[in-house]
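Student: The sequence shown begins at 1 in full-length UniProt numbering and counts up by one.
Virtual Cβ for every residue (Gly too), placed ideally from N, Cα, C.
The structure presented is a predicted model; accordingly, all values stated were derived computationally and were not measured.
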Amino acid sequence: MAHVPVSLGFSVTSYLSKSFRFSISKFKNATWTSLQRNYHQLQQKVEPLPRHSIEIRTMREEDISQLMNLRRQLGIHDATSSVQSWMAVDPEGIKVAVNENGDIVGSCSYVKNHPELYFAGIYCVQKEYRNYNVGIQIFNAAKENAKDKNIAANSVLSMAKKYQQSGDFPIIDEDLTTVKNYFPDPIHSEMLFNKDLPANIEIEPFQECLLPSIVQYDASVVGHTRELILRLSCHEEDSRTFAAFRNGVCIGFGSIKRSCLGAGRVGPLYAEDPVVAEALLKKLIESYPNRNGLAISTPSSNIPNNAILQKLGNAKTETCLRIYRKQKVNVNASKIYAYLDINFSAF
1 MAHVPVSLGF
11 SVTSYLSKSF
21 RFSISKFKNA
31 TWTSLQRNYH
41 QLQQKVEPLP
51 RHSIEIRTMR
61 EEDISQLMNL
71 RRQLGIHDAT
81 SSVQSWMAVD
91 PEGIKVAVNE
101 NGDIVGSCSY
111 VKNHPELYFA
121 GIYCVQKEYR
131 NYNVGIQIFN
141 AAKENAKDKN
151 IAANSVLSMA
161 KKYQQSGDFP
171 IIDEDLTTVK
181 NYFPDPIHSE
191 MLFNKDLPAN
201 IEIEPFQECL
211 LPSIVQYDAS
221 VVGHTRELIL
231 RLSCHEEDSR
241 TFAAFRNGVC
251 IGFGSIKRSC
261 LGAGRVGPLY
271 AEDPVVAEAL
281 LKKLIESYPN
291 RNGLAISTPS
301 SNIPNNAILQ
311 KLGNAKTETC
321 LRIYRKQKVN
331 VNASKIYAYL
341 DINFSAF
């Protein structure tokens with residue numbers, strides 16, 4: 001039988017095309033409806049991030065108490081009296097982030113150590129504000145105080161490479177590693193050197209007449225004169241300072257202060273040799289009985305000092321690396337048994 005063409009009155013191709021377009025349209029509509037439904041459900045489950053009005057400004061005297069509360073929450077042994085002293089040295093050096101309620105929620109400092117060197121520290125942001133670029137804002141605002149000068153800082157190990165890669169602190173001095181030590185009570189100061197010192201060595205409590213000798217010895221260790229901060233440090237409330245002399249010449253000195261966590265915080269402690277350093281440390285600890293443990297930050301490369309500290313008991317430690325913006329600053333770490341203040345001072 002011959003095949004007879006049959007006309008259906010429309011094109012098969014056209015029909016299929018229209019059907020396909022209808023299916024796609026239906027799919028799109030269904031998909032869009034589903035997306036809208038999921039979006040509204042998601043909105044109900046996720047609360048929007050709150051908006052915060054943050055002011056970055058120079059720290060004021062009345063801010064110190066709030067800043068210390070923030071540092072206390074972070075478990076950091078800053079001393080209130082030291083913050084006051086460094087504010088006097090560089091009034092523009094410490095910046096704070098303030099929320100709409102007037103609360104301090106962050107801080108960062110770039111304080112002048114000498115005309116060519118600034119030191120960066122107390123960089124922190126309250127946990128609830130860490131996703132709002134508060135840290136970047138306060139970091140950049142504080143950095144302006146240093147202009148184009150060299151800057152030093154101490155970085156926790158996990159952040160050193162990040163600071164280097166960002167270009168803010170491209171130089172890492174791996175030879176100057178800082179160890180933050182905290183010794184809980186009881187402190188075994190009786191294990192420290194307790195024999196009589198040679199007859200020509202004397203340890204004296206601070207008096208104003210000793211300041212010139214202390215300033216001179218300090219400069220021989222750190223490489224520049226720091227009379228103002230030393231004068232302020234030696235006169236801080238609730239602190240003790242002792243100096244060691246050999247035949248009338250200063251060969252070491254040290255201070256102890258109260259940290260915001262109630263510990264006795266030793267710093268600075270500089271000495272010509274381990275015997276003098278140990279005798280000074282013993283004197284400082286015994287002069288400060290009402291304390292909650294002992295905090296002391298030291299260069300790890302001072303091996304004799306490590307042996308001295310082991311006598312005090314088991315310390316909780318944290319390690320930091322020294323970083324710089326332009327160039328390393330050399331120092332004889334063998335004379336440094338405790339830094340002056342690891343948040344404000346290079347040494």
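Could you tell me whether the Cβ atoms of N302 and A338 are closer together than 7 Å?
Tutor: Here residue 302 is taken as the residue at index 302 of the sequence shown, counted from 1. Here residue 338 is taken as the residue at index 338 of the sequence shown, counted from 1. No, these two residues do not count as a Cβ contact at 7 Å.
Student: Can we say the segment 312 to 330 touches the segment 164 to 176, given the rule of at least three CB pairs closer than 8 Å?
Tutor: The segment 312 to 330, when compared against the segment 164 to 176, does touch it at the 8 Å Cβ threshold.
Student: Quick one: give me the first and last residue of the beta strand (DSSP E) that V125 is part of.
Tutor: In the sequence shown, residue 125 corresponds to position 125, counting from 1. Note, V125: beta strand (DSSP E), 117 to 125.
Student: Please list, in chain order, all residues of the same chain as I229 whose beta carbon is under 8 Å from its beta carbon, the five residues on each side excluded.
Tutor: Along the sequence shown, read from residue 1 onward, the residue named residue 229 stands at position 229. Taken in chain order, the residues that qualify are S85, W86, V89, L340, S345.
Student: Tell me the start and end of each unbroken alpha helix (DSSP H) in the segment 116 to 196 that is at least 4 residues and wholly inside, in chain order.
Tutor: Segments of the alpha helix (DSSP H) lying fully in the segment 116 to 196: 134 to 143, 157 to 166.
Student: By Cβ distance below 6 Å, which residues in the same chain neighbour S287 in space, the five residues on each side in sequence not counted?
Tutor: Walking along the sequence shown from the start, residue 287 turns up at place 287. The answer, listed in chain order, is R240.
Student: Among the residues of its own chain, which have a CB less than 6 Å from the CB of R71, if the five just before and after it don't count?
Tutor: Locating residue 71 in the sequence shown gives position 71, counting from the first residue. Result list for R71: D78, C260, in chain order.
Student: Rounded to the nearest angstrom, how far is the Cβ of residue 348 from that of N154, given a contact under 8 Å?
Tutor: Residue 348 lies beyond the residue range present for the chain, which begins at 1 and ends at 347; the question has no answer from this structure.
Student: So the candidates are I76, I187, N247; which of them puts its Cα closest to the Cα of S213?
Tutor: Locating residue 213 in the sequence shown gives position 213, where the first residue counts as 1. The candidate whose alpha carbon is nearest that of S213 is N247.
Student: Beta strand (DSSP E) containing E204: first to last residue?
Tutor: The count along the sequence shown starts at 1 and reaches residue 204 at position 204. Where E204 is concerned, the enclosing beta strand (DSSP E) stretches over 201 to 205.
Student: Taking 7 Å as the cut-off, decide whether the C-beta atoms of I296 and N194 are in contact.
Tutor: What you label residue 296 is simply residue 296 of the sequence shown in a count that begins at 1. What you label residue 194 is simply residue 194 of the sequence shown in a count that begins at 1. Not in contact: I296 and N194 (Cβ atoms no closer than 7 Å).
Student: V98: which of S53, A277, Y132 sits nearest, CA to CA?
Tutor: Here the question's residue 98 lines up with position 98 in the sequence shown. Among S53, A277, Y132, the Cα nearest to that of V98 belongs to S53.
Student: Per DSSP, which one or two residues make a beta bridge with S255?
Tutor: Counting from 1 along the sequence shown, the entry for residue 255 is found at position 255. Answer by DSSP bridge pairing, in chain order: T241.
Student: Distance check for S81 and C108, CA to CA, integer angstroms please.
Tutor: In the sequence shown, the residue the question calls residue 108 occupies position 108. In the sequence shown, the residue the question calls residue 81 occupies position 81. Whole-angstrom Cα-Cα distance: 17 Å.
Student: Express the C-alpha separation of V275 and Q137 in angstroms, rounding to a whole number.
Tutor: Here the question's residue 137 lines up with position 137 in the sequence shown. Here the question's residue 275 lines up with position 275 in the sequence shown. Spanning the two alpha carbons is a distance of roughly 47 Å.
Student: Please confirm whether F119 and A315 have their CB atoms less than 7 Å apart.
Tutor: The residue labelled residue 119 in the question sits at position 119 within the sequence shown. The residue labelled residue 315 in the question sits at position 315 within the sequence shown. Not in contact: F119 and A315 (Cβ atoms no closer than 7 Å).
Student: Which same chain residues, not among the five before or five after Y123, have their C-beta less than 6 Å away from its C-beta?
Tutor: Along the sequence shown, read from residue 1 onward, the residue named residue 123 stands at position 123. Excluding residues within five positions, the ones whose Cβ falls inside 6 Å are C108.
Student: Locate the alpha helix (DSSP H) running through A279, then write down its first and last residues.
Tutor: The residue given as residue 279 occupies position 279 in the sequence shown. Residues 274 to 286.
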